[in-house]
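Input: a single structure, listed below in structure tokens.
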Amino acid sequence: MLKQRIITALILLPLMLGMLFYASDALWALFAGLIALLALWEYGRMCGFTSAQNHRYLAFTALFGVVAYAGGWQLPPIAWLAVLVFWLVGMPLWLVKKWPLSPDWKGYSIGWLLMVPFWFALVGLRPSAEEATSLLAIMGLVWIADIFAYFSGRAFGKHKLAPAISPGKSWEGAVGGAVCVMLYMALVWRAGWLSFDVSWYGAILIGLVLTVVSVCGDLLESWLKRAAGIKDSSNLLPGHGGVFDRTDSLIAVLSVYAAIRVLFG
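Numbered per our numbering, the sequence shown finishes at 406, counting up by one with no gaps.
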């Protein structure tokens with residue numbers, strides 16, 4: 142398992158960085174769309190869609206993405222406000238209530254609410270290869286939060302964060318991750334890697350909000366898998382599970398960051 146994880150990571154990381162910094166705008170949009178569609182396919186399986194339902198769902202979503210990119214469409218502020226409300230209010234409530242998914246209009250709507258803003262964020266936060274550093278910096282926040290939460294939890298974890306959903310997470314780990322993100326965001330702000338003007342205090346505050354969102358995004362995907370009775374969203378990435386497994390926190394963080402940028406930047 143460890144060997145598989147390492148081999149997969151050694152393939153995916155250079156691919157991701159290469160696309161991020163060297164792909165044309167259209168190729169990046171296509172690559173980002175592929176990531177979002179694969180995660181949406183896995184979501185549909187967890188939601189209980191039949192193969193025919195999932196195929197139509199993905200086809201319609203892909204068509205929308207092509208038309209949106211060709212037409213230069215952007216999500217309006219009201220849509221980004223809905224994204225912000227979902228992740229900051231609706232998603233924590235979902236975790237508390239533990240609502241199941243169902244293969245109906247609600248299942249379709251939630252899938253789009255998860256993946257469509259994620260795709261728009263990936264494209265919009267990387268307007269060109271020369272401006273990819275800002276997007277990488279926010280992705281780095283997710284990795285910093287995850288890595289330091291893991292080690293803080295291993296060293297100090299005593300109080301479970303959400304034992305019914307993800308028994309391995311602890312409050313001590315979450316706090317450790319948040320502290321490291323605060324330091325990281327101070328460095329990001331000083332380096333000028335944020336994509337809009339914000340004060341030092343604002344950068345730290347955004348970092349804390351995104352840390353909470355990152356943890357909750359991970360917990361939400363864990364709950365969806367638990368409700369569906371599966372361990373991984375798929376087996377597309379040997380040793381790592383599925384695309385949704387690897388992007389759950391990124392989906393939440395990039396969507397919320399893009400919404401903050403549009404609404405307050």
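Ideal Cβ positions, reconstructed from N, Cα and C, are used throughout, including at glycine.
Status (buried if at least 16 other CB within 10 Å, exposed otherwise) for residue i
i    : result
L143 : Here L143 scores only 45 on pLDDT, less than 50, and its place in the model is too uncertain to base an answer on.
V207 : exposed
I392 : buried
G333 : exposed
F201 : exposed
W330 : buried
Y398 : buried
L225 : buried
L153 : exposed
V356 : buried
W260 : buried
K238 : exposed
V230 : exposed
F190 : buried
K310 : buried
Minimum C-alpha distance to residue i - residue among the options
i    : options                   : result
L351 : R186, V283, M160 and A164 : V283
L335 : L277, C321 and L263       : L277
M256 : F405, G406, S390 and I401 : S390
W182 : D386, W312 and V403       : D386
S192 : A167, P244 and W169       : P244
C321 : F289, F337 and I347       : F289
L349 : G317, N376 and W364       : G317
M160 : Y342, D373 and W169       : W169
I176 : W312, S355 and L378       : L378
W214 : G248, F405, A262 and Q194 : A262
P258 : A223, M280 and K247       : A223
M232 : R367, V403 and G358       : G358
L365 : V353, D166 and G248       : G248
L242 : G406, S363 and H381       : S363
M326 : K310, I345 and V339       : I345
G294 : I285, D287 and E313       : E313
A209 : M280, S311, A167 and A305 : A167
A286 : A319, E272, R267 and P268 : A319
CB-CB length for residue i against residue j, believed under 8 Å
i    : j    : result
A315 : L324 : Not quite, the Cβ-Cβ distance comes to about 16 Å (not below 8 Å), so this is no contact.
C188 : G252 : 7 Å
A400 : W221 : 4 Å
S375 : G383 : 3 Å
Residue i in three-state terms, based on DSSP
i    : result
L302 : strand
G410 : No information on residue 410 is available, as it lies outside the stretch 142 to 406 that the chain covers here.
Q194 : helix
L225 : helix
L143 : Note that L143 has pLDDT 45, beneath the 50 cutoff, so the model's placement of it is unreliable and no number is given.
G159 : helix
R267 : coil
K238 : helix
G212 : coil
K247 : helix
G189 : coil
V397 : helix
P217 : coil
L282 : helix
V329 : helix
L178 : helix
G370 : coil
G406 : coil
L276 : helix
D287 : helix
D338 : coil
S407 : It is not possible to answer for residue 407, since the shown part of the chain is limited to 142 through 406.
S355 : helix
Identity of the residues DSSP links to residue i by a beta bridge
i    : result
G382 : L378
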